[in-house]
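Those letters in the sequence shown? Residues 14 to 356, per the working numbering, in order.
Read through the structure below, which is laid out as structure tokens, and then see the notes.
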Amino acid sequence: MVNLEASEIASDNLLSPLQLLMETRREQARQLLQEWGNHSLSYLMLNPDNRLFFESTGQAFVAYRVNFGAAITVGDPTGQPEAIKRCISEFSAACRRKRWIPVFFSIEKPHRHYRTLGYKGVQVAEDAAIELELLEFKGKNWQDVRTSLNRANREEIQFCQFFPENHEIMAQFRQISREWVRNKNMPELGFTLGTIASLQNPEVRSYYAIDKVGKVHGMVSWLPRYTANGWTLDLMRRRNEAMPGIMEFLIARSALAFREEGYSTISLGASPLTADNKQEGMLSAGWMLKQVKQYLHNYYDFEGLHDFKRKFLPTWKPLYAFYPGGFGLTQGGLAILRLYLSN
Numbered sequence: 014m015v016n017l018e019a020s021e022i023a024s025d026n027l028l029s030p031l032q033l034l035m036e037t038r039r040e041q042a043r044q045l046l047q048e049w050g051n052h053s054l055s056y057l058m059l060n061p062d063n064r065l066f067f068e069s070t071g072q073a074f075v076a077y078r079v080n081f082g083a084a085i086t087v088g089d090p091t092g093q094p095e096a097i098k099r100c101i102s103e104f105s106a107a108c109r110r111k112r113w114i115p116v117f118f119s120i121e122k123p124h125r126h127y128r129t130l131g132y133k134g135v136q137v138a139e140d141a142a143i144e145l146e147l148l149e150f151k152g153k154n155w156q157d158v159r160t161s162l163n164r165a166n167r168e169e170i171q172f173c174q175f176f177p178e179n180h181e182i183m184a185q186f187r188q189i190s191r192e193w194v195r196n197k198n199m200p201e202l203g204f205t206l207g208t209i210a211s212l213q214n215p216e217v218r219s220y221y222a223i224d225k226v227g228k229v230h231g232m233v234s235w236l237p238r239y240t241a242n243g244w245t246l247d248l249m250r251r252r253n254e255a256m257p258g259i260m261e262f263l264i265a266r267s268a269l270a271f272r273e274e275g276y277s278t279i280s281l282g283a284s285p286l287t288a289d290n291k292q293e294g295m296l297s298a299g300w301m302l303k304q305v306k307q308y309l310h311n312y313y314d315f316e317g318l319h320d321f322k323r324k325f326l327p328t329w330k331p332l333y334a335f336y337p338g339g340f341g342l343t344q345g346g347l348a349i350l351r352l353y354l355s356n
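Dropping the structure here:
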């Protein structure tokens, strides 16, 4: 097990032995992701704020953060399929030794070993997946998207890819993001979402909509899914006076651009706390998740986000959390809430 604490890193300019170990482990995780990382959160697993735990043979790992006495994973354990079970067991045992409550969060693949270890499961979100090969904006169900595409054409709104060296556009992104955060009356949500600073990373793909006088109306960013031959939608930001339908325009044009490059799928990301938990073997979301949803509803329109993504006719894929019985859900739910709001 390797726990990497920022406080343990030396402050001088030379790499300490711990820093070298951290870089080695992060590169090891990157290699596993490039071979096995098809999760919608794969890219975010390498966030420097995350800790990395490798199972004993180094063939699988899990990224996680510790908050409120709970160790919350960032998606599924990733690596060689035969090592996943071992990773789940060893991470659980390591958490017990630390007296942390392990919570496997935003899980796409509900491995049966969670049940063997006595974990309970709850669906916490739905991921909106779109296959690009047969994507066509035809028919009544696509009316809103077509309207946005046509309006952008009439108003001479251009669809452009962002490059980090374009400082003028980046300045507008920062302005729009500050405006967006101010309107929400809360900090940017973190943990399983990126931030405006992530746009400087060359692995992140960003697009923006700009009018004929050079004003950016909105932007979107996409994170690589490595082995899934696709991308995951991360940030969506729009100016207050942006053209109506600017997000529909940006996502539709992004999808077409990715398809032209040969990508097969995109994810519009998770719609959290919208599931009814009626899947076989899944518990009710319970009091804790309802309280989290109620608290965040003042800032975050879960139903509105879900309805927006429905415009793109996605395939909804459940995402789960697995946790020990007793107070695991309560403490884990509080920890997740604090992680999202601490950025």
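Heads up, the beta-carbon is just placed ideally off N, CA and C, and yes, glycines get one too.
Each residue's CA atom was taken as its position, placing Ala222 and His180 some 16 Å apart.
One thing to note: Val75 has its Cβ within 8 Å of the Cβ of Cys100.
One thing to note: Ala142 has its Cβ no nearer than 8 Å to the Cβ of Pro285.
Collapsing the DSSP output to three states places Thr86 in a strand.
An exposed status is given to Leu33, since fewer than 16 other beta-carbon atoms sit within 10 Å of its beta-carbon. Tyr56 is a Cβ neighbour of Pro237, given a cutoff of 8 Å. Here DSSP, grouped into helix, strand and coil, assigns Gly317 to helix.
Using a Cβ-Cβ distance cut-off of 8 Å, the segment 95-115 and the segment 60-75 are in contact, since at least three pairs of beta carbons, one from each stretch, lie closer than that value. Rounded to the nearest angstrom, the gap between the Cα atoms of Tyr336 and Tyr132 is 5 Å. In the structure shown, Met249 falls within a strand segment according to DSSP collapsed to helix, strand and coil. Rounded to whole angstroms, the separation of the alpha carbons of Val229 and Tyr276 is 26 Å. Note that the C-beta distance between Asp89 and Ile114 is not below 8 Å.
Minimum Cα-Cα distance from Ala84 among the listed residues Ser105, Glu68, Gln93, Phe67 corresponds to Ser105. A residue is called buried once 16 or more other Cβ atoms fall within 10 Å of its Cβ, and Leu45 is buried on that count.
Per the C-alpha coordinates, the member of Arg195, Asn196, Phe175, Trp193 positioned closest to Ser234 is Phe175. When the alpha-carbon of Gln47 is set against those of Glu254, Thr240, Pro257, the nearest one is in Thr240. Collapsing the DSSP output to three states places Pro115 in a strand. A direct Cα-to-Cα measurement between Thr328 and Ala283 gives close to 12 Å.
For Tyr77, the enclosing beta strand (DSSP E) begins and ends at 73-80. In this chain, Met256 is not harboured by any beta strand (DSSP E), its DSSP state being neither H nor E.
In the structure shown, the three-state DSSP call for Gln174 is strand. When rounded, the separation of the alpha-carbon atoms in Gly50 and His319 is 25 Å.
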